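Participant: These protein sequence lines map, in sequence, to chains R, P, U and W. Sequential numbering of the first sequence, starting at 15, is according to our numbering. Sequential numbering of the second sequence, starting at 15, is according to our numbering. Sequential numbering of the third sequence, starting at 15, is according to our numbering. Sequential numbering of the fourth sequence, starting at 15, is according to our numbering. By construction, the Cβ of each residue, glycine as well, lies at the ideal position given by its N, Cα and C atoms. This one's a predicted model, so the numbers in the text were calculated from it and none came from an experiment.
Protein chains: 4
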Amino acid sequence: MIREETGSEMAKKMWGGRFRKGMDKRFEGFSSSIAYDYKLAEFDLVHSLIHTRVLQENGILTVQEANRINAVLEELLKSIKDNRFKPNLSAEDIHTDIQNRLEKKIGPLSLKLHTLRSRNDQVVFDEKLFCGFEASMIGKLLINVCEVLLAQRRKYSEQPFVGYTHGQRAQVILFSDYLDAYFYMFRRDVHRVVNYTESLQAFIGAGALAGSGLSRSSYERAIKDFLRTTPVYGKIRPVVNSLESVADRDFVIEFLGLLSIVQMHLSRLAEDMILYSTQEFNYLDLPEEFCTGSSLMPHKKNPDFLELVRGSSGRINGNLVSVLTILKGLPLAYNRDMQLDKEPLFSSVETVKEELTMLKEFLAGLKLKEKVIEQALTDETLYATDLAEFLVLKKVSFREAHDIVGRMIRYVEDKGMRLSELPDELLISFHRALNQKEMQRIINPFNAVASRKSISRKAPKI
Amino acid sequence: MIREETGSEMAKKMWGGRFRKGMDKRFEGFSSSIAYDYKLAEFDLVHSLIHTRVLQENGILTVQEANRINAVLEELLKSIKDNRFKPNLSAEDIHTDIQNRLEKKIGPLSLKLHTLRSRNDQVVFDEKLFCGFEASMIGKLLINVCEVLLAQRRKYSEQPFVGYTHGQRAQVILFSDYLDAYFYMFRRDVHRVVNYTESLQAFIGAGALAGSGLSRSSYERAIKDFLRTTPVYGKIRPVVNSLESVADRDFVIEFLGLLSIVQMHLSRLAEDMILYSTQEFNYLDLPEEFCTGSSLMPHKKNPDFLELVRGSSGRINGNLVSVLTILKGLPLAYNRDMQLDKEPLFSSVETVKEELTMLKEFLAGLKLKEKVIEQALTDETLYATDLAEFLVLKKVSFREAHDIVGRMIRYVEDKGMRLSELPDELLISFHRALNQKEMQRIINPFNAVASRKSISRKAPKI
Amino acid sequence: MIREETGSEMAKKMWGGRFRKGMDKRFEGFSSSIAYDYKLAEFDLVHSLIHTRVLQENGILTVQEANRINAVLEELLKSIKDNRFKPNLSAEDIHTDIQNRLEKKIGPLSLKLHTLRSRNDQVVFDEKLFCGFEASMIGKLLINVCEVLLAQRRKYSEQPFVGYTHGQRAQVILFSDYLDAYFYMFRRDVHRVVNYTESLQAFIGAGALAGSGLSRSSYERAIKDFLRTTPVYGKIRPVVNSLESVADRDFVIEFLGLLSIVQMHLSRLAEDMILYSTQEFNYLDLPEEFCTGSSLMPHKKNPDFLELVRGSSGRINGNLVSVLTILKGLPLAYNRDMQLDKEPLFSSVETVKEELTMLKEFLAGLKLKEKVIEQALTDETLYATDLAEFLVLKKVSFREAHDIVGRMIRYVEDKGMRLSELPDELLISFHRALNQKEMQRIINPFNAVASRKSISRKAPKI
Amino acid sequence: MIREETGSEMAKKMWGGRFRKGMDKRFEGFSSSIAYDYKLAEFDLVHSLIHTRVLQENGILTVQEANRINAVLEELLKSIKDNRFKPNLSAEDIHTDIQNRLEKKIGPLSLKLHTLRSRNDQVVFDEKLFCGFEASMIGKLLINVCEVLLAQRRKYSEQPFVGYTHGQRAQVILFSDYLDAYFYMFRRDVHRVVNYTESLQAFIGAGALAGSGLSRSSYERAIKDFLRTTPVYGKIRPVVNSLESVADRDFVIEFLGLLSIVQMHLSRLAEDMILYSTQEFNYLDLPEEFCTGSSLMPHKKNPDFLELVRGSSGRINGNLVSVLTILKGLPLAYNRDMQLDKEPLFSSVETVKEELTMLKEFLAGLKLKEKVIEQALTDETLYATDLAEFLVLKKVSFREAHDIVGRMIRYVEDKGMRLSELPDELLISFHRALNQKEMQRIINPFNAVASRKSISRKAPKI
């Protein structure tokens, strides 16, 4: 036991030998992390399961002692997987909580577990495993969204749609082009997630900052043994540089950065769909189960899901700034400031997971209002570029063609006419190759999209 | 009742008449805000207490009905002040939770409360009152910290101290100068808090965005009546421009911006004290009850409180970024994205309050190691500027004086000597006015600080 | 002169006596600030003009010397006001540039100017005056924008308009309500600017961190004399706490925070107007001189001004984060990191000034498409709340009224009908008070806006 | 020509056919990007060189025309590589500048170049090539820094050093451990850079958003031909999804995110070295050519380079926030807001390149003060953990060992003694295995570092 005063809170701390006074109560709450770091319980148990074997290899634990400790740890691990684990909020952190549980089960032997290791080593190890797991999960959710986009694409494969730049009608596209755009964004996100998880290496054995007397080879053997039965925990390695290992939070920033790109994509999709579901655009029928009404205005069907997704950029960007700020100018090796990286990390992970899970359902329930879109596609300015392109093929320099079409549009605007109504004699005055028949061929959504040879419309694959 | 299907979750929503499908369960959780906006309960009750009287003034409620409703609301208000209020986490938000409680008590009459008002109006009203209260509280905590700084200043009033620029020893100062520096920072924060609270106006009557048929004069009377008995709730006004009122979150950003300056001050103080409590500086003895030990290294006494304060800049800056990001490019009037302003707001307020509360105790427990400081003050480079100043008074141009002292320092560095040991014949070679006696007068901490006439050392007042 | 090696770059530094090696050339460029801090030239001259008098008061300069120095400084000040001042980019910073110019004009006497003062004191003094001037200018530009909003309001005083929440049509408002919303936002910004400038105090006399032997009373007299002739430079005071004074950058963060709110307002206005100028909304005719075309698509008229304004939130928020990051955990007193506060400060000030200047012209050129708006106002769902409000006055509880109207809307949606077409016998089945005549009175934009008694529509004043 | 009014500014725009009014002069300046996007000139020429061949393949240009155009483009490209290219700041952007230069050389034929392409396509293409080049350059600079770290490590290979956690002395390490820590951080940065450049694909052929009639196969051939002679430009591909391609700025955020991690590492190194070069720590002798003095205090040698590096985190983090903010909620496809991504991108790239270039020289000039370090290593608390570890090997449970050592430290602190002086009889009262001889073996820096078996000290490789 660390202290004589059994029963007191301090007795349960994993440190304290040289301290004369107890912690300030308020500070105890302020510095406690159990309220959130309990999420690392599973991974902390992995650290302990390996560490026990390392201690055994070094003769600090007997085989029997090691087995007895690990049996309890395995049991705790199972309770987590079965969702039966509830953190004890009066513990200082998850490491202490687990230690206390062990002590309750096996008494003084438990005190041997935390031999020659440090929470500095544990927490970075735990967080890396956490990040690996969560990144994989997010990768899967992204793939789910990609699959729904593909399904919607099959449903609306030949549907022309209005393409925008600067929020202004630009050219006719296919709705599948639009869906594919997001497909490719999310697929890039999947690649980023995969690269990220592949780069993760969880080190063990750094001690507080300087390593310990436990041999590297014992770590190698213990890790190998552990991963043989449970390879799911990814890359675990004996520490190389111990200072760097406990000080490293690159992987948190990298993950938060990656999520900020996913979130940016989500916010753009949300904005698009909010626009398209206004009464003015009116292209989309949003699934009602993701909308809400108003307590005052009886007619409202608000795209709240999309708004909350758009607004979540605040949280995700804020979390990234948070961790970047914390790490700025932090000297080596471990500093307590680093404890504050966990809440932003968990918050961003949780938010993106929720968004992606719902987005899949949301996108599956999305319906296009083909009639409205058909009407919009009669806007002749959408074909202005196609008209210019036609002239180019008639050997007009593009900038001249651009100018001719510009003047034609100005003309019909002034006269309140339509391009497709212009009589041949007038058309010819703009360019000799123009006539009503050609105009009608050009001003047609199907012809417009068919004429674009520079792009690929093959259905993409995940 | 909004829906026939009594008992269902939807029946408890404050909207839904036109909806055919229930909300997606997961989305219901995602969009729910009760888990945090319950903190607004008190202020939401204020809105309702006033609104009831407005409805009565407009003949929509009888006096008896209004009294009956307000009796329940007052009771709820009391339960909050007595710390007995527990939010019902299955409600959509705090407005709905309160509405449901009212319904339980007085049945269908309760449904009349939410007449011609909107949660858009309520939430901004509630948040403004919240901000006003919390800002005042933070103002008081800042004043507490100022007072401890003054007390420590009295204790160490004539204690010389080492002043730094660029992390390098610069000139001798008084420890009271150092304490006053933070005093003035925090006092400026108090002024900012006061300006902020004075600028807050909580509007009532905006409806969802466009006002309502309830008369402005009825609002005026109801507000006046309410504030007569409970002026503590600050400035409440009938809405002027309803669009602007529901769309406004300036006051959240302004508050978060103000807190980011307080936090910046805290982080600088923390950094200074972390430095001063290293074994190398060793100027300060930190109160043990705000330090922790290491689970591995038995000798450690770590300044965790200060580290967590320094690291909290991450959270505070992240929260500001969060709300700025949310508001960027948000069209008028209300959008659901705005719901996400609350968690960052509450988080920053809570963190700064905790920090200030503990800081007061921490600073009160701080002790100076006078011996160590005395030793540090024998570093003669600390008097280099005083030496140059002496030469200036002997009619040397300052840049020459600067150059002479620079060369003197280079000289003693090269020779491994001390300035105060230089013999008169050598001193005179640098400048005729120099001699050992003058040097000893100059190289003295008390003389150094006494010679600074440009600054004021009167004890500051709050 | 600081160094013997006249002519070398180092000879021109304001320090260097103890240094043996010259600066690394690349580092010289990296650490130089003249490329941007030349903007502080005017204010740095003010510091010098006062400092000269302080030196004279303390007997370090004779009256003749002081006059001779100040004559040159005054001349330089005039060259700035006449726009003839060009920074010498080979100087280290603006302080050195000015010092060098002085030296060219009056030789060795110039070296006496920088006696017992520090660039730490100068730069914070300069920046505060800069902030004061620029904030006032931004205040004026905001007022200009407010005035154009008032002019447009007079032009469209009785024009009904569509009000939105969640991007969805909500209720009929007046276009003047809409304009007023931004008026009130910008007017709040004006108040913030005024509060800010009033709180600014530029201190002089801090030295590097610890004050100097120059008497406070000499500062008082010199400042008083200076401000008598040129009160425009605002509040200048002898320093109180010198440590705090050189370490203070609160006023930079506060200014950047204030600008981030102005910018947020600008981004919301921009977003609204981008929306309203889409072909789908089509409410606004944007002034062509603030739009651009496409090099490919001949028909495009893009709202580039608005997009750049919206996007400028990136720059403004980034600049705020930048300075908050720099200041985090910076120990007292001055650190070189602080030099990096200037580029973000100047960038935000410049951007907001440009935006406001153009916005005034832009808003003046804005035209409403009344026909399109008239058409939009025939959307009957815009009157749903008015309908519910009507029922409330017929003693229906609001939540029942809400439900009735919800069901009416669902009914007409299903039947493809309009509310105003529903026959009396059907209307009565929803509520006995409903009939065609009442419906037509309610479904009328002018009646709708006239019925809102809770808000004020008096033309606001600046 | 686009307009009749040759000579006017508008005539030089690449659009404008439908416009009646010229651009507002101030807006012209506000929206112009040439002042910074000239940095893309080289890559824009690559786009044009390929596009010319595509037009030729599609029969829009003859071979002779294509050759004539490309000859001029090649010449411009050479002028850039020879550093002779000066942007014409009156052009709207770099695309227009190059177009104008082409026109000057070959007259009307030049107008054919911008046929069926869009600046939306060009700018994203250009930026991707820019990012690829700059990332490679940064990769090389990082490797240079790694090499200097290795060189210093060889120099100080067996030098013990003080290891810190929480800013407090923790355990003895080797200085090479410390250097390696940063080596591994920067090497991870190299890997991130490599992954990043490998993931970059520059697409060509997207048009404004919807592709064009130019065939994909013609793009394939033209790209292949181009890359055959100049493979240095990396991966260039015919566009797949054109919407996504013009809307994509992921690669900017990813690059800025990557740089924010590099910068975070730099800021930590800077902070460490600022600390270690204080008079109190005094472990390092910084190369004088990277330090500066004070204009007031003659003795100062300030670590300005390190401070500016630390402070640059502000700029780098701000730039990341800037682009994340810009992209938030931006609808598809291109919006003018995106133009504002370039300044932050260029700023972060430039800053990190400068820092790394100087850091190499700085680190090469760094010297350790072995004497000071030797003295620091006599601090016995540095061996507390080694002492506990010794007890563990004597079969004491670690938590008991921790407690024993804690009490020993408390004892010597109270008595003002040293651990190594404790007499055997006292030592034995703490634990029977303790005696003076063992204590002296344990309290020895070389033994301490030699005893750590869990870490690897092999010299790392790049």
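1) What does Gly420(W) reach in chain P if we use C-beta pairs closer than 9 Å?
2) Find the residues of chain W that neighbour Lys381(P), judging by a C-beta separation of less than 7 Å, and give them in chain order.
3) Would you check if there are 3 or more beta carbon pairs closer than 8 Å linking the stretch 142-157 of chain W to the stretch 264-280 of chain W?
4) Could you tell me whether the stretch 165-183 of chain W touches the stretch 316-327 of chain P, where touching means 3 or more Cβ pairs closer than 8 Å?
5) What did DSSP end up calling Glu18(R) once you bin it into helix, strand or coil?
6) Does the beta-carbon of Val246(W) have 16 or more other beta-carbons within 10 angstroms, so that it is buried, or is it exposed?
7) Use the C-beta contact count for Ile108(U): other C-beta atoms within 10 angstroms, 16 or more gives buried, fewer gives exposed.
8) Taking the C-alpha atoms as reference points, what is the distance between Arg424(W) and Asp111(R)?
9) Could you check where the beta strand (DSSP E) with Ala482(P) kicks off and where it finishes?
10) Mind reading off the beta-carbon distance from Gly221(P) to Pro252(P)? Whole number of angstroms is fine, and I expect it under 8 Å.
11) Kindly list, in the order they appear in chain W, the residues whose Cβ is closer than 7 Å to that of Ala261(U).
12) With Lys356(P) and Asp135(P) assumed to form a contact (beta carbons below 8 Å), what rounded beta-carbon distance in angstroms separates them?
13) Would a C-beta distance cut-off of 8 Å place Arg432(R) and Gly227(W) closer than the cut-off?
14) Out of Leu298(U), Ser327(U), Arg263(U), Met372(U), which one is the CA nearest neighbour of Asp351(U)?
15) Assuming Thr211(P) is part of the alpha helix (DSSP H), what are its boundary residues?
16) What separation, rounded to the nearest whole angstrom, lies between the Cα atoms of Ile387(W) and Glu294(W)?
17) Checking the sheet assignment: what are the DSSP bridge partners for Arg40(W)?
18) Specify the secondary structure class of Leu298(P) as computed by DSSP and reduced to three states.
19) With which residues is Pro174(R) paired in a DSSP beta bridge?
20) If you count every other CB in all the chains shown that lies within 10 Å of the CB of Val77(P), and 16 or more means buried, which is it?
21) Could you tell me which residues DSSP pairs with Leu382(U) in its beta bridges?
22) Does any residue of chain U have a CB that is nearer than 8 Å to the CB of Asp38(W)?
23) Which residues does DSSP pair with Arg251(R) in a beta bridge?
24) Within the continuous alpha helix (DSSP H) that includes Lys342(P), where are the two ends?
25) Looking only at its own chain, which residues have a Cβ that is under 6 Å from the Cβ of Asp191(U), when we skip the five neighbours before and after it?
26) Can we say the stretch 283-301 of chain P touches the stretch 337-348 of chain U, given the rule of at least three CB pairs closer than 8 Å?
27) Output needed for Glu384(U): all residues of its chain with C-beta closer than 8 Å, excluding positions within five of it in sequence on either side, in chain order.
28) Return the chain-ordered list of same chain residues with a C-beta closer than 7 Å to the C-beta of Phe265(U), the five sequence neighbours on each side being excluded.
29) Is Leu322(W) near Ser309(U), with beta carbons less than 8 Å apart?
30) Counting only Cβ pairs nearer than 8 Å, list the residues of chain W close to Glu285(R).
31) Mind listing the chain R neighbours of Gln166(U)? Cutoff is C-beta to C-beta under 9 Å, in chain order.
32) Between Thr76(W) and chain P, is there a C-beta pair that is closer than 8 Å?
33) Given that Ser281(P) touches chain U, what residues does it touch there, using C-beta distances under 7 Å?
Facilitator: For this structure:
1) Numbered from its first residue, the fourth sequence carries residue 420(W) at position 406. What Gly420(W) touches in chain P: Gly307, Pro312, His313.
2) Position 367 of the second sequence holds residue 381(P). Correct list: empty, because the minimum Cβ distance to chain W is about 15 Å.
3) At 8 Å Cβ cutoff, the stretches touch.
4) Because the criterion of three Cβ pairs below 8 Å is met, the stretch 165-183 of chain W and the stretch 316-327 of chain P touch.
5) On the first sequence, position 4 is the one that residue 18(R) refers to. Residue placement at Glu18(R) is flagged as unreliable, the pLDDT there being 31, under the threshold of 50; the coordinate-derived value follows with that caveat. Residue state, collapsed to three classes: coil.
6) Taking the fourth sequence and counting its residues from 1, the one referred to as residue 246(W) is at position 232. Val246(W) is classed as exposed because its beta carbon has fewer than 16 other beta carbons within 10 Å across all chains shown.
7) Sequence index remark: in the third sequence, residue 108(U) carries index 94 (1-based). Result: buried.
8) Taking the first residue of the fourth sequence as position 1, residue 424(W) is located at position 410. Taking the first residue of the first sequence as position 1, residue 111(R) is located at position 97. Near 27 Å, if we compare the C-alpha coordinates of Asp111(R) and Arg424(W).
9) Nothing in the structure corresponds to residue 482(P), since chain P is present only between 15 and 476.
10) Locating residue 221(P) in the second sequence gives position 207, counting from the first residue. Locating residue 252(P) in the second sequence gives position 238, counting from the first residue. No, Gly221(P) and Pro252(P) are not in contact; Cβ-Cβ is about 12 Å, not under 8 Å.
11) Against the third sequence, residue 261(U) aligns to sequence position 247. What Ala261(U) touches in chain W: nothing, since even the nearest Cβ is about 14 Å away.
12) Along the second sequence, one-based indexing puts residue 356(P) at 342. Along the second sequence, one-based indexing puts residue 135(P) at 121. Contact between Lys356(P) and Asp135(P) is ruled out by a C-beta separation of about 16 Å, above the 8 Å threshold.
13) As a first step, residue 432(R) must be located in the first sequence, where it is residue number 418. As a first step, residue 227(W) must be located in the fourth sequence, where it is residue number 213. Here Arg432(R) is not near Gly227(W), since their CB atoms are 8 Å or more apart.
14) To locate residue 351(U), count along the third sequence from 1; it is residue 337. Ranked by how close their Cα comes to the Cα of Asp351(U), the residues Leu298(U), Ser327(U), Arg263(U), Met372(U) have Arg263(U) in first place.
15) Within the second sequence, the letter at position 197 stands for residue 211(P). According to the DSSP assignment, Thr211(P) belongs to the alpha helix (DSSP H) that extends over 189-213.
16) By 1-based counting over the fourth sequence, the position of residue 387(W) is 373. By 1-based counting over the fourth sequence, the position of residue 294(W) is 280. Distance between the alpha carbons of Ile387(W) and Glu294(W): 12 Å.
17) Residue numbering aside, residue 40(W) sits at position 26 when the fourth sequence is read from its first letter. Paired residues: none, contrary to the question.
18) The residue you call residue 298(P) lines up with position 284 of the second sequence. In this structure, DSSP gives Leu298(P) an extended state, which the three-state scheme calls strand.
19) The residue labelled residue 174(R) in the question sits at position 160 within the first sequence. The bridge partners DSSP lists for Pro174(R) are Leu188(R).
20) Here residue 77(P) refers to the residue found at position 63 when the second sequence is read from its first residue. Exposed, by the Cβ-count rule.
21) Residue numbering aside, residue 382(U) sits at position 368 when the third sequence is read from its first letter. In DSSP, Leu382(U) forms a bridge with Leu298(U).
22) As a first step, residue 38(W) must be located in the fourth sequence, where it is residue number 24. Any Cβ of chain U closer than 8 Å to the Cβ of Asp38(W) would place that residue at the interface, and such an atom is present.
23) The count along the first sequence starts at 1 and reaches residue 251(R) at position 237. Secondary-structure assignment with DSSP links Arg251(R) through a beta bridge to Phe217(R).
24) In the second sequence, the residue the question calls residue 342(P) occupies position 328. Careful: Lys342(P) lies outside any alpha helix (DSSP H) and carries neither H nor E.
25) Counted from its first residue, the third sequence places residue 191(U) at position 177. So the list is empty, once near-sequence residues are dropped.
26) They touch, by the three-pair rule.
27) Translated into positions along the third sequence, residue 384(U) becomes position 370. Around Glu384(U): Gln173.
28) The count along the third sequence starts at 1 and reaches residue 265(U) at position 251. Sequence-distant Cβ neighbours of Phe265(U) in its own chain, meaning closer than 7 Å and more than five residues away, are Lys142, Cys145, Leu214.
29) Locating residue 322(W) in the fourth sequence gives position 308, where the first residue counts as 1. Locating residue 309(U) in the third sequence gives position 295, where the first residue counts as 1. Contact: no.
30) Stepping through the first sequence from its first residue, residue 285(R) is reached at position 271. When 8 Å is used as the limit between beta carbons, Glu285(R) is near these residues of chain W: Gly343, Leu344, Pro345, in chain order.
31) Locating residue 166(U) in the third sequence gives position 152, where the first residue counts as 1. Here the premise fails: no neighbours, minimum Cβ distance about 22 Å.
32) Residue 76(W) sits at position 62 when you count from the first residue of the fourth sequence. Not one chain P Cβ lies under 8 Å of Thr76(W).
33) On the second sequence, position 267 is the one that residue 281(P) refers to. By Cβ distance, chain U contributes Lys342, Gly343.
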